[in-house]
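Sequence lines, in order, name chains A and U. One point on numbering: in the numbering used here, the residue at position 296 of the first sequence is 296, and numbering is uninterrupted. One point on numbering: in the numbering used here, the residue at position 97 of the second sequence is 1097, and numbering is uninterrupted. Cβ coordinates follow ideal geometry from the N, Cα and C atoms, glycine included.
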Amino acid sequence: MIDKMDQIFVLLQHWLVAFLPLSLQPVASVLLAVVAIVCVFPALFALTTVFERKGLARIQNRIGPNRVGPFGIMQPIADGIKSLTKEDIVPSIANAPVHFLAPVVLVVAVFMGFAVLPMGRNMVLVDMDAGLLFYFAMGASTEVSVFMAGWSSRNKYSLLGAMRAVAQMISYEVVLLLSSVSVVMIAGSLSLTKIVAAQSGYTGIFPHWYIFTPWGLVGFIMYAIAATAETNRSPFDLPEGESELVAGYHTEYSGFKFALFFLGEYLAMFSISGLGTTLFLGGWSAPFSFLTFIPSWIWFFSKLMMSIFVFIWMRGTLPRLRQDQLMNFAWKFVLPLTLLNLMVTALWRFMGEGWARWGVCSAILIAAYILMGRVGMYKEHFGPRRYRYAE
Amino acid sequence: MSPVFYLVSAMTVAGALAAVLLKPLVHCALAVTVAFAGLAFLFLSLDAQFAGFAQILVYIGAVAILIVFAILLTKGSELPRDGVFSRSWLAGVVISAAVFAALGWAILRSAWTLPHEAAVPAVTVHDIGVALVDRYVLPLEIVALLLTAATIGAVIVAMHEKEGAK
Chain A
1 MIDKMDQIFV LLQHWLVAFL PLSLQPVASV LLAVVAIVCV FPALFALTTV
51 FERKGLARIQ NRIGPNRVGP FGIMQPIADG IKSLTKEDIV PSIANAPVHF
101 LAPVVLVVAV FMGFAVLPMG RNMVLVDMDA GLLFYFAMGA STEVSVFMAG
151 WSSRNKYSLL GAMRAVAQMI SYEVVLLLSS VSVVMIAGSL SLTKIVAAQS
201 GYTGIFPHWY IFTPWGLVGF IMYAIAATAE TNRSPFDLPE GESELVAGYH
251 TEYSGFKFAL FFLGEYLAMF SISGLGTTLF LGGWSAPFSF LTFIPSWIWF
301 FSKLMMSIFV FIWMRGTLPR LRQDQLMNFA WKFVLPLTLL NLMVTALWRF
351 MGEGWARWGV CSAILIAAYI LMGRVGMYKE HFGPRRYRYA E
Chain U
1001 MSPVFYLVSA MTVAGALAAV LLKPLVHCAL AVTVAFAGLA FLFLSLDAQF
1051 AGFAQILVYI GAVAILIVFA ILLTKGSELP RDGVFSRSWL AGVVISAAVF
1101 AALGWAILRS AWTLPHEAAV PAVTVHDIGV ALVDRYVLPL EIVALLLTAA
1151 TIGAVIVAMH EKEGAK
């Protein structure tokens, strides 16, 4: 029974495919999995928009959406219909083909990333040998679409937003890749299913997730920072800073094209949280050995939604960074610490089992963190501030 | 030679031609991106996963973006008034023909001298990794040194001159 619940979607897929002739079965099973991905994640996106608006409203002492359905839960349906009925405006001097292609490229590239994520035991669309590389290759393609959107609109705000977005994405992509490399070094594989399998054991009741090691914790924090910047989420949402750039690279998009950008942004959030879960949080494995009876896909999606709620929480809490702060933070703090973390990971790998490596690795990382923080903040003075307009 | 090969080759060649023949520079950059993507698909259709994904990651994710940045930051995005053909096109044709001839000669020779293998060797990412740190470790280190030197050089070029420094 427990096994059946765990494999319910796999069994369902096999049962449905068995109705077809044998020659069509491989194609049909792939098609079914693709349809499932294409349906589940946009549905999750619709739910997340409600949660985000409700959560932000709660943080800001408002009520939030409460008109459509009970507690405003039907709000995304109303939003969807609204964006479909709105006029699709293309600026007359815009570069029409590129302007049209940009949201399509974005959504396609983001959807491709889900293909390699293991969402449960035996639940992965393509178990690729170079899965992680595939994921990052697809992530890199989204930068092109952001640039296409910003440039083809022929609007200074769009172009500025796109330039900011691309500069930011390139800077933090380095960190994203390097923090994942430490996981690859320990797991010894680029295949995401093998990385999950490497974290599947338990000591006592505690799991062998990589986040519970010194290098894994640092790697995960660096990954989380870089992921927030990659998805242009607050506090790294300069590319679409409303107060400066209207809406950044999608200023000139309206109607359903705008909805596609919105969708792409949230899907990127889901997929990057899913990858973080897979790399550091043990993928679909249970957090305690006595909880393994709960189906694996429930664990994957609850970890994913937890990350999403952290994203929302940060958006409601932190103010936006300035462009120079953003770049300095990436290149002078996060990147050196990630590089050091790679060294520590190698040390961890070759020091062998035992408590010695815990002490040595933690000491190096904590010392580096304190030292770099102190040196970086040496010239800054944070006294009480006086704001003229508030007096 | 499957239909996929012809489709992807057509896409690559069309992208490359458009990159040379189009007038607005940003269109050329986007056309180059299409050509890069075509090359990546060619690698993938040859079962070279690592090369294919590395092609996308490096060429579309970094090189294409770099080209675009260079165009936008140097105000080269306006349309050129006199055509896109440079005055030294004859020399360009000669050089590219020479390069093409050399490459074609090398490929034709290697195809005849290599024995045709019956089974396609399965090269996994693991094999590539092992080869890089085992047999090809010296080239890898040299490339790493070169890249480090290039990075430091770029930082020095971009660094602000200090006020009052002699």
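Query raised in the report: Quick one, which residues of the segment 137–159 of chain A are near chain U if we go by CB-CB under 8 Å, in chain order?
Result: A137, M138, G139, A140, S141, E143, V144, F147, M148, W151, L159
**Report entry** A1165/U to A1158/U span [Cα, whole Å]
**Finding:** As a first step, residue 1165/U must be located in the second sequence, where it is residue number 165. As a first step, residue 1158/U must be located in the second sequence, where it is residue number 158. Residue placement at A1165/U is flagged as unreliable, the pLDDT there being 49, under the threshold of 50; the coordinate-derived value follows with that caveat. Between A1165/U and A1158/U, the C-alpha separation is close to 16 Å.
Query raised in the report: Along chain A, in chain order, which residues have C-beta atoms closer than 7 Å to that of F1053/U?
Result: Your numbering for residue 1053/U matches position 53 in the second sequence. Within 7 Å Cβ-Cβ: A130, L133, F134, A137.
Requested in this report: Helix, strand or coil for Y1136/U, going by three-state DSSP, please let me know.
Outcome: Within the second sequence, numbered from 1, the residue matching residue 1136/U stands at position 136. It is coil, neither helix nor strand.
Report task. Check the Cβ-Cβ distances between L342/A and every residue of chain U, and say whether any is below 8 Å. Result -> Within the first sequence, numbered from 1, the residue matching residue 342/A stands at position 342. No, L342/A does not count as interfacial toward chain U.
Query raised in the report: Which residues in chain U sit within 7 Å of L190/A, going by Cβ to Cβ distance?
Result: By 1-based counting over the first sequence, the position of residue 190/A is 190. Chain U residues near L190/A: V1125.
**Report entry** chain A contact residues for A1064/U, given Cβ-Cβ distances below 7 Å
**Finding:** If you number the second sequence from 1, residue 1064/U lands on position 64. Going along chain A in sequence order, the residues near A1064/U (Cβ under 7 Å) are V144.
Query raised in the report: Got a sec: which bits of the segment 1015–1027 of chain U sit with their beta carbon under 7 Å from any beta carbon on chain A, in order along the chain?
Result: V1026
Query raised in the report: If you count every other CB in all the chains shown that lies within 10 Å of the CB of V1032/U, and 16 or more means buried, which is it?
Result: Counting from 1 along the second sequence, the entry for residue 1032/U is found at position 32. Classification for V1032/U: buried.
Query raised in the report: So which residues of chain A does V1171/U contact, with C-beta pairs closer than 8 Å?
Result: There is simply no residue 1171/U to check, as chain U begins at 1001 and stops at 1166 in what is shown.
Query raised in the report: Three-state secondary structure (DSSP) at T435/A?
Result: No statement about residue 435/A is possible, as the shown extent of chain A runs from 1 to 391 and does not include it.
**Report entry** Cutoff 8 Å: T1151/U Cβ touching any chain A Cβ
**Finding:** Position 151 of the second sequence, counted from the first residue, corresponds to residue 1151/U. So no, T1151/U is outside the interface.
Query raised in the report: Which class does P76/A belong to by DSSP, given the choice of helix, strand or coil?
Result: Taking the first sequence and counting its residues from 1, one reaches residue 76/A at position 76. Residue state, collapsed to three classes: helix.
**Report entry** Closest Cα partner of A167/A within the set L117/A, G120/A, Y249/A
**Finding:** Here residue 167/A refers to the residue found at position 167 when the first sequence is read from its first residue. It is Y249/A.
Report task. Give, in chain order, every residue of the segment 260–274 of chain A whose Cβ lies closer than 8 Å to some Cβ of chain U. Result -> none
Report task. Would you be able to state if there are at least three C-beta pairs under 8 Å between the segment 47–63 of chain A and the segment 310–319 of chain A? Result -> yes
Requested in this report: Following the continuous alpha helix (DSSP H) through F1036/U, name the residue where it begins and the one where it ends.
Outcome: For this step, residue 1036/U is matched to residue 36 along the second sequence. First-last of the alpha helix (DSSP H) with F1036/U: 1025–1045.
Requested in this report: Flag this pair as yes or no: are the beta carbons of W215/A and N341/A separated by less than 8 Å?
Outcome: Indexing the first sequence from 1 puts residue 215/A at position 215. Indexing the first sequence from 1 puts residue 341/A at position 341. Against a cut-off of 8 Å, the Cβ pair of N341/A and W215/A comes out as a contact.
Query - Beta-carbon proximity of L304/A to S285/A, cut-off 8 Å - result: Locating residue 304/A in the first sequence gives position 304, where the first residue counts as 1. Locating residue 285/A in the first sequence gives position 285, where the first residue counts as 1. No, the Cβ-Cβ distance between L304/A and S285/A is not below 8 Å.
Query raised in the report: Of the residues F1005/U, W1105/U, R1109/U, L1021/U, which one's Cα is nearest the Cα of L1039/U?
Result: Translated into the one-based positions of the second sequence, residue 1039/U becomes position 39. The shortest Cα separation from L1039/U among F1005/U, W1105/U, R1109/U, L1021/U belongs to F1005/U.
Query raised in the report: Name the residues in the segment 169–181 of chain A whose C-beta lies less than 8 Å from a C-beta of chain U; which are they?
Result: I170, E173
Query raised in the report: Residues in its own chain within less than 8 Å of N95/A by CB, not counting five upstream and five downstream?
Result: The residue labelled residue 95/A in the question sits at position 95 within the first sequence. Taken in chain order, the residues that qualify are W151, S152, R154.
Query raised in the report: Would DSSP call Y378/A helix, strand or coil?
Result: For the purposes of this step, residue 378/A is identified with residue 378 of the first sequence, where counting begins at 1. Coil, per DSSP.
Query raised in the report: Could one say the Cβ of M112/A lies closer than 8 Å to chain U's Cβ atoms, at least one of them?
Result: Walking along the first sequence from the start, residue 112/A turns up at place 112. Taking Cβ atoms only, chain U never reaches closer than 8 Å to M112/A, which makes this a no.
**Report entry** L335/A to L20/A span [Cα, whole Å]
**Finding:** Translated into positions along the first sequence, residue 335/A becomes position 335. Translated into positions along the first sequence, residue 20/A becomes position 20. Those two C-alpha atoms are separated by around 52 Å.
Query - Under the three-state DSSP convention, the category K1166/U falls into - result: Within the second sequence, numbered from 1, the residue matching residue 1166/U stands at position 166. Since pLDDT at K1166/U reaches only 45, below the 50 mark, its modelled position is unreliable, and the value read off the structure follows with that caveat. Coil.
Query raised in the report: Taking 8 Å as the CB-CB cut-off, is M163/A touching chain U?
Result: Mapped onto the first sequence, residue 163/A falls at position 163. Yes, its Cβ sits closer than 8 Å to a Cβ of chain U.
Requested in this report: Name, please, each residue of chain U whose Cβ falls closer than 9 Å to the Cβ of V98/A.
Outcome: Translated into positions along the first sequence, residue 98/A becomes position 98. What V98/A touches in chain U: V1026, H1027, L1030.
Query raised in the report: What's the C-alpha gap between S180/A and G219/A?
Result: As a position in the first sequence, residue 180/A is number 180, starting the count at 1. As a position in the first sequence, residue 219/A is number 219, starting the count at 1. Going by the C-alpha atoms only, they are around 7 Å apart.
**Report entry** Y253/A, DSSP secondary structure in three states
**Finding:** Taking the first residue of the first sequence as position 1, residue 253/A is located at position 253. Y253/A falls in the coil class under three-state DSSP.
Query - The alpha helix (DSSP H) enclosing S302/A, as first and last residue numbers - result: Working through the first sequence from its first residue, we reach residue 302/A at position 302. Taken as a continuous stretch (DSSP letters only), the alpha helix (DSSP H) holding S302/A covers 296–317.
Query raised in the report: Using a C-beta cutoff of 8 Å, does G1038/U count as contacting chain B?
Result: Looking for chain B here will not work: the only protein chains present are A and U.
Query raised in the report: Are the beta-carbon atoms of M138/A and G113/A separated by less than 8 Å?
Result: Sequence index remark: in the first sequence, residue 138/A carries index 138 (1-based). Sequence index remark: in the first sequence, residue 113/A carries index 113 (1-based). Yes, they are a contact pair.
Report task. Reducing DSSP to helix, strand and coil, say where P70/A ends up. Result -> Counting from 1 along the first sequence, the entry for residue 70/A is found at position 70. Helix, per DSSP.
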